[in-house]
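Residue numbers (this note's numbering): 71 to 458. By construction, the Cβ of each residue, glycine as well, lies at the ideal position given by its N, Cα and C atoms. As structure tokens, the structure follows; a few thoughts come after it.
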Ligand code: DIG
Ligand code: MN
Ligand code: MN
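Quick look at the structure:
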């Protein structure tokens, strides 16, 4: 087996909507036939994926009769079992249907908020039936174009009450799900509420059961806003809230491109894989991306294979980085603290205050220190470029 051949233990997953993407965009018609959920399971299993994820309507049409719903889910569960594929994450499509055009959980219309909660309850039922562990909420329509249309504080209260209602629904039914909130700064709305992972982390603490709720950061979404995605993920890890992640590629300050993982900023992709692997992240390596509009059916599977292969190549480079003695010696020297000054900052005490307050630190000499970052970054780049 090749070093870069995906294995089930790598926990690579794809949304059904990724390989089923037909290449439609705001300026062009679909260019590919849709890949059915069953074919997605079959083909992704062949490529070595661990599982697929889905919005409710990726599998069950929004107007399906209960008998049709049952038939579809039963058939899908069999295909999953036949191909040893899991459904670690599920979510609700609260953004495609016209009813949500001014929001779902933050709609001005209580009937629409109620319909969104009803649809999410049914979606949660499907997710639990498929043994999902994580339920993602991405508020694609939770935002504004006309700021005067909605009091933003009221909108956040509506978002909170809908999520609290669904937390209650899961607890009442003893569903073992955890929620993961996904931020995005804009698109398809002019501005989206709770636009960054950091904003979501603060919002989670205002919910009825914060422990049940984490985040699902997406590479493209923080990058669109010009933010450092690795730092966003680090903050989630620091809070024990990285419940899921959406991996893809993105050029800074553009529309949401959802490109193949690693296809753009390779250094960020490397540092992200390093953070996930070094931190011991145990969740899905989930790709929320889609093939270029230029691609035919063969290109769809090139896309899927490329996402996983790039992750594994970068994972092997992280191992090289961590084993590279020259790099590790530089890193050790950077944090060297022979006088154990750092330990005095771990917690306040009169003794530590006396010690820290009494330290004679030569500001001028210390300010002259060179950090050797040019060499460190060159060595890092040489690992990424494959010459170390
Ligand atoms: C878009 O980035 C969103 C939707 O595709 C879905 O709700 C979520 C799941 O990863 N990501
Ligand atoms: Mn996206
Ligand atoms: Mn996403």
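Residues surrounding ligand 3 [beta-carbon distance to nearest heavy atom under 5 Å]
288, 316, 358
Pick from 203, 156, 197, 236 that is closest to residue 186, judged by C-alpha positions
236
Is the Cβ-Cβ distance between residue 305 and residue 267 less than 8 Å?
The Cβ-Cβ distance between residue 305 and residue 267 falls below 8 Å.
Does DSSP classify residue 319 as helix, strand or coil?
strand
When DSSP labels each residue in this structure, what does residue 163 get in the three-state scheme?
Correct three-state label for residue 163: coil.
Less than 8 Å between the beta carbons of residue 214 and residue 278, yes or no?
Using a Cβ distance threshold of 8 Å, residue 214 and residue 278 do not count as a contacting pair.
Based on DSSP bridge pairs, tell me the residues matched to residue 204.
Residue 204 is bridged to 159, 248.
Measure the CB-CB distance between residue 175 and residue 232 and report whether it falls below 8 Å.
yes
Start and end residues, beta strand (DSSP E) containing residue 356:
355 to 357
Could you check what DSSP says for residue 388 in three-state terms: helix, strand or coil?
helix
How is the beta strand (DSSP E) around residue 124 delimited, first residue to last?
121 to 125
Taking residue 212 as the reference, which of 311, 230, 202 has the closest Cα?
Measuring C-alpha to C-alpha distances from residue 212 to each of 311, 230, 202 identifies 230 as the nearest.
Less than 7 Å separating the Cβ of residue 206 from some heavy atom of ligand 5?
Ligands present in the displayed structure are limited to ligand 1, ligand 2 and ligand 3, and ligand 5 is not among them.
Would you list the residues sitting across from residue 114 in a DSSP beta bridge?
The partner list for residue 114 (beta bridge, DSSP) is empty, contrary to what the question assumes.
Curious, which full-length alpha helix (DSSP H) runs of at least 4 residues does the stretch 219 to 299 contain?
222 to 242, 267 to 274, 289 to 294
Can you give me the C-alpha to C-alpha distance between residue 373 and residue 331, rounded to a whole angstrom?
Their backbone Cα atoms lie some 9 Å apart in a straight line.
Contacts around residue 179, its chain only, beta-carbon distance under 8 Å, and the 5 residues preceding and following it disregarded:
Excluding residues within five positions, the ones whose Cβ falls inside 8 Å are 172.
Drop a sphere of 10 angstroms on the beta-carbon of residue 274, count the other beta-carbons inside from all chains shown, and report buried for 16 or more, exposed for fewer.
buried
Indicate the three-state DSSP secondary structure (helix, strand or coil) for residue 146 in the structure shown.
helix
Below 7 Å, is the gap between the Cβ of residue 253 and the nearest heavy atom of ligand 2?
no
According to the neighbour-count rule (16 or more other Cβ atoms, all chains shown, within 10 Å of its Cβ), is residue 398 buried or exposed?
Taking every protein chain shown into account, the CB of residue 398 has fewer than 16 other CB atoms within 10 angstroms, so this residue is exposed.
Reference residue 200; option with closest CA among 119, 156, 111
156
Hey, would you say the C-beta of residue 221 is under 7 Å away from at least one heavy atom of ligand 1?
Distances between the C-beta of residue 221 and the heavy atoms of ligand 1 are all 7 Å or more.
Let me make sure I understand the geometry here. Which of 334, 253, 244, 424 has the alpha-carbon closest to that of residue 302?
253
Alpha helix (DSSP H) runs contained entirely in the stretch 377 to 443, provided each spans 4 or more residues:
395 to 404, 420 to 428, 433 to 437
Relative to the C-alpha of residue 264, which candidate in 419, 350, 295 has its C-alpha closest?
295
Taking 8 Å as the threshold (C-beta atoms), are residue 300 and residue 270 in contact?
Taking the C-beta atoms as reference points, residue 300 is found no nearer than 8 Å to residue 270.
For residue 100 versus residue 109, is the C-beta spacing smaller than 8 Å?
no
Nearest-angstrom Cα separation, counted from residue 333 out to residue 449:
Straight through space, the alpha carbons of residue 333 and residue 449 are spaced by roughly 21 Å.
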